[in-house]
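Numbering (full-length UniProt numbering), first residue to last: 1 to 462.
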C-alpha cells in the first residue's frame, strides 16, 4: 500500500480516528509529555493556588467556598464551592446568561455581594477554576435521566432471587446493549477536576469525597492528576445520547423470551457495536501516550482490544444481587438471556469475569486504569512494541500505587487485577469463535460486516 494509506478493512477505525479529538486539557498535555520523555508526571498548576493548598489534612467542613467565602460543600465543577455558587454557576451556563456589572466589573465577592452582582460572581467562579465542560449536554442529561428512571422501575418490579452462581437471573430479561448505565448511587471516586459529566441536576461529578479512607488522599499529586484524567475520560465517553440509544434498540425487546432469537440479537449487536466502538475510540484518543503512536499501531490496539474493553464496560454495569448486567436502558440481561441468543461459552466467561470484578469491589479509578492497561497490551502486528510497552508500564505503575493506597497490600491486589487480562484474552477468543460459528452456519444468523471489521474476524476459508 502507498505510504499513509490504510487497508480497506480498517475503514471504520480510520474514519473514527480521523475525527478531531474532543477532549483537550492542560493536564492531558502535561502527562503526555511526561510519558514521551520518561520524566515525572506533571499536573496542572494554578497560579492562585499555593502548593499544598486544598484538602490535605482537612475535612470538607473546614473549607470555605472560594467564590464567596460561605461554607463549602465539596468540589463542584472543578472548584471548591458552596451549594449556592454551585447552583448559580450551573444555571448561568445552562441558560447562557449575559450579566453586566453596575459597579465597574471588579466587585470583591463575599456572601453579601454574591447576591448583588451576578456578573462578578460568574467571573469569580471561572477565576477559581469552575469549568463549563463539567456540565452535561442536554442530550446527555436526557439519556442519564431516562436510564435512571428505567433502572428504578426495574428495581421496584424485579422479583427476589437467590441464584446459586453468577448465572442466576431475574424474571425480566432485557435488551443486550453494552452501553453502561449511570448508577443512582454515588461513585466511589469523584474528582475535583477534568470531569465531563454530572450526576443529578443539582449535583456535581467533581465532588471530592471527604472520607479519610479515600485512597486518593494517600497518593502524590502527580498520581492524583493522572487518575483524574483517566476517570474523567471514562465518564465522558461512558454513554451516548438518548436518541442514539432509542434508534439502536427500537426493534429489540429482550423482555420477551422469543425476541432473543440469534438473528435479532446479531442485528442489534451490530448497531450497538458501532455506538460502543465510537466511544472506545474517543476514550483511547484521550489516553496519555495513545496519539504518540502511529495510526497503524493505534488501529491495531483498538481492533485487538475492542471485545476486551467492551467486557470491562459490561463489568461496570454488573449487579451482584441479580447477577445481571444492567444495560443502557436500566434493565437487566442475564447469562441465560445471552445463551438464548446463541452466545454459549462466551456468555459464561463474560459473566464470570463481570462477577469477579464486581466481587472485588473494583472502583471507577481501577476500571479506568485497567482499561488503559488493556488497550496498551502487546498485540500481533504492532510496529512499535517497545513504545507501547513503555506506555503500558506507566499505567501499571499507576495502578500499583493506587492499589497500595486503597487496599494496603498493593502487590497481591495488583497481581489479582492484572491476572484478569488473561481472562479478557480468553473471552475475546471465545467471542470470535462464536461469531465465526454463526457466520459459517447456513441456517444461522448473518454476522454483519461491521462486526467482522471491528473484531478482525478471519476471512472465510481460513
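Note that the Cβ used here is the ideal one computed from N, Cα and C, for glycine as well.
If you're wondering where the values come from, they're calculated on a predicted model, not measured in any experiment.
Hey, could you find the ends of the alpha helix (DSSP H) residue i is sitting in?
i	result
residue 306	295-316
residue 337	335-340
residue 221	221-236
residue 130	Careful: residue 130 lies outside any alpha helix (DSSP H) and carries neither H nor E.
residue 354	344-359
What are the residues that DSSP puts in a beta bridge with residue i?
i	result
residue 71	64
residue 76	79
residue 288	Residue 288 pairs with nothing; no bridge assigned.
residue 332	326
residue 319	324
Please report the residue range of the beta strand (DSSP E) in which residue i lies.
i	result
residue 80	79-81
residue 324	324-326
Give me the residue from the options with the minimum Cα distance to residue i.
i	options	result
residue 220	282, 404, 124	404
residue 223	436, 366, 319, 96	366
residue 216	127, 399, 133, 392	399
residue 127	429, 79, 358	79
residue 426	359, 64, 309, 272	309
residue 383	299, 326, 281, 86	299
residue 290	391, 348, 228	391
residue 294	381, 360, 361	381
residue 343	83, 435, 68, 99	435
residue 115	359, 68, 273	68
residue 322	377, 346, 423, 359	359
residue 408	218, 275, 432, 101	218
residue 312	281, 133, 420, 227	420
residue 346	273, 307, 406	307
residue 397	361, 227, 338, 350	227
residue 304	286, 281, 320	281
residue 239	273, 393, 292	273
residue 468	129, 393, 350	With the chain covering 1 to 462 only, the question about residue 468 has no answer from this structure.
residue 370	87, 422, 349	422
residue 236	133, 320, 99	133
residue 475	362, 66, 338	Look at the range of the chain in this structure, 1 to 462, and you will see that residue 475 is not part of it.
residue 348	292, 431, 406, 276	431
residue 320	357, 286, 225	357
residue 362	406, 100, 98, 334	406
Please report the Cβ distance between residue i and residue j, rounded to the nearest whole angstrom; I am assuming they are in contact, meaning their Cβ atoms lie under 8 Å.
i	j	result
residue 375	residue 284	6 Å
residue 278	residue 364	Not really, about 21 Å apart at Cβ, beyond 8 Å.
residue 355	residue 402	Wrong, their Cβ atoms sit about 22 Å apart, outside the cutoff.
residue 395	residue 415	The Cβ separation is near 15 Å, so there is no contact.
residue 340	residue 332	Wrong, their Cβ atoms sit about 14 Å apart, outside the cutoff.
residue 413	residue 353	At roughly 17 Å, the Cβ-Cβ gap does not stay under 8 Å, so residue 413 and residue 353 are not in contact.
residue 368	residue 231	5 Å
residue 122	residue 81	No, residue 122 and residue 81 are not in contact; Cβ-Cβ is about 12 Å, not under 8 Å.
residue 94	residue 64	About 26 Å separates the two Cβ atoms, so there is no contact after all.
residue 105	residue 125	Going by Cβ atoms, the distance from residue 105 to residue 125 rounds to 15 Å, so no, they are not a contact pair.
residue 429	residue 297	Rounded, the Cβ-Cβ distance is 22 Å, inconsistent with contact.
residue 301	residue 385	Contact flag wrong, Cβ pair sits at about 11 Å.
residue 288	residue 229	7 Å
residue 70	residue 111	5 Å
residue 103	residue 85	No, residue 103 and residue 85 are not in contact; Cβ-Cβ is about 19 Å, not under 8 Å.
residue 131	residue 77	6 Å
Those runs of the alpha helix (DSSP H) which lie wholly inside the region 361-392 and span at least 4 residues: Runs of the alpha helix (DSSP H) inside the region 361-392: 364-375.
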